[in-house]
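Reviewing the structure listed below.
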Amino acid sequence: MFDYIRGILTYLSGNGIVIEQGGFGYRIICANPFSYQPLLNKETKVYLYQYVREDANILYGFQTREERELFVRLLSVSGIGPKNALAILASGDPDEVIQAIEAEDEKFLTRFPGIGRKTAGQIVLDLKGKLKEFAVRPVGTQAEPSEERLDNALAEAVDVLSMLGYSEREIRKVVPALREQDLSAENYVKEALKRLSKV
Numbered sequence: 001m002f003d004y005i006r007g008i009l010t011y012l013s014g015n016g017i018v019i020e021q022g023g024f025g026y027r028i029i030c031a032n033p034f035s036y037q038p039l040l041n042k043e044t045k046v047y048l049y050q051y052v053r054e055d056a057n058i059l060y061g062f063q064t065r066e067e068r069e070l071f072v073r074l075l076s077v078s079g080i081g082p083k084n085a086l087a088i089l090a091s092g093d094p095d096e097v098i099q100a101i102e103a104e105d106e107k108f109l110t111r112f113p114g115i116g117r118k119t120a121g122q123i124v125l126d127l128k129g130k131l132k133e134f135a136v137r138p139v140g141t142q143a144e145p146s147e148e149r150l151d152n153a154l155a156e157a158v159d160v161l162s163m164l165g166y167s168e169r170e171i172r173k174v175v176p177a178l179r180e181q182d183l184s185a186e187n188y189v190k191e192a193l194k195r196l197s198k199v
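Residue numbers (UniProt numbering): 1 to 199.
So this is what it looks like as structure tokens:
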């Protein structure tokens with residue numbers, strides 16, 4: 001059983017990445033492969049879940065242990081396979097998913113690919129009350145901007161923009177507008193690129 005792999009990210013595609021370690025290239029299926037784009041050709045750490053069946057031996061990758069644990073818990077639900085669980089992680093913020101389960105918000109859960117009302121109800125039945133320790137913010141509360149998290153995400157986004165070739169002057173122009181928003185590093189980059197294209 002693998003816990004994680006640390007190696008050079010050599011390739012990414014629409015559904016996964018390849019990490020080279022010890023002369024081997026490990027193909028890893030991920031929820032959002034292109035979130036690894038800034039790490040291409042750099043050393044990367046990916047948490048792993050090995051899915052083994054008679055006809056399959058697949059590695060699934062995650063950026064945090066909490067994300068992986070949510071994936072494993074989703075797999076324990078009747079009617080949920082790896083593709084469904086990965087689609088939920090790819091399409092929604094893990095905290096939002098946990099909040100929806102705790103609130104028995106089946107309508108929210110049915111927005112994910114392959115999740116109908118019956119399966120959404122089963123997710124709530126099987127997992128409600130069992131995921132609170134994996135939530136970044138307390139269950140039952142609304143998300144509020146965290147200055148520390150915002151600063152870290154924004155700093156990461158600025159690094160990515162620099163790697164993409166934007167000058168410090170160009171980046172400084174968009175930072176004030178970005179700071180007014182509470183986004184992930186990936187979405188800060190997307191928003192910055194939109195604004196920079198208009199400069």
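Note that beta-carbon positions come from the ideal geometry of N, C-alpha and C, so glycine has one too.
Around S184, the same chain offers A153 as residues with beta carbons nearer than 7 Å, after the five sequence neighbours per side are excluded. One Cα belongs to V46, the other to R172, and the distance between them is close to 32 Å.
Looking from the CA of S197, the closest CA among V174, A31, E180 and Q181 belongs to V174. Beta-carbon to beta-carbon, V77 and Y49 are separated by about 15 Å, too far to satisfy the 8 Å threshold. Around the Cβ of N41, a 10 Å sphere holds fewer than 16 other Cβ atoms; the residue is exposed. Apart from the 5 residues on each side of it in sequence, A90 sits with its Cβ closer than 7 Å to the Cβ of A31 and N32 in its chain, given in chain order. DSSP places N187 inside the alpha helix (DSSP H), whose first and last residues are A185 to L196. When secondary structure is reduced to three states using DSSP, A56 falls in the strand class. Secondary structure at Q99: helix, using DSSP grouped into helix, strand and coil. The beta carbon of R195 lies closer than 7 Å to those of V174 and A177 in the same chain, with the five residues before and after it left out. Counting C-beta atoms within 10 angstroms of its own C-beta, P113 has fewer than 16 neighbours from the protein chains shown and is therefore classed as exposed.
Taking C-beta atoms under 8 Å as the contact rule, I98 and I123 fail to qualify, at a distance of about 11 Å. Straight-line measurement puts the Cα of F108 at about 31 Å from the Cα of N57. Rounded to whole angstroms, the separation of the alpha carbons of G116 and E186 is 29 Å.
Per DSSP, the unbroken beta strand (DSSP E) holding T10 starts and ends at Y4 to L12. Distance from the CA atom of A85 to the CA atom of F34, rounded to whole angstroms, is 18 Å. Rounded to whole angstroms, the separation of the alpha carbons of T119 and G79 is 6 Å.
With respect to R27, L59 sits close: the two C-beta atoms are nearer than 8 Å.
For the set E43, Y4 and D3, the Cα lying nearest the Cα of Y11 is the one of E43. For R111, there is no enclosing beta strand (DSSP E), as DSSP gives it neither H nor E.
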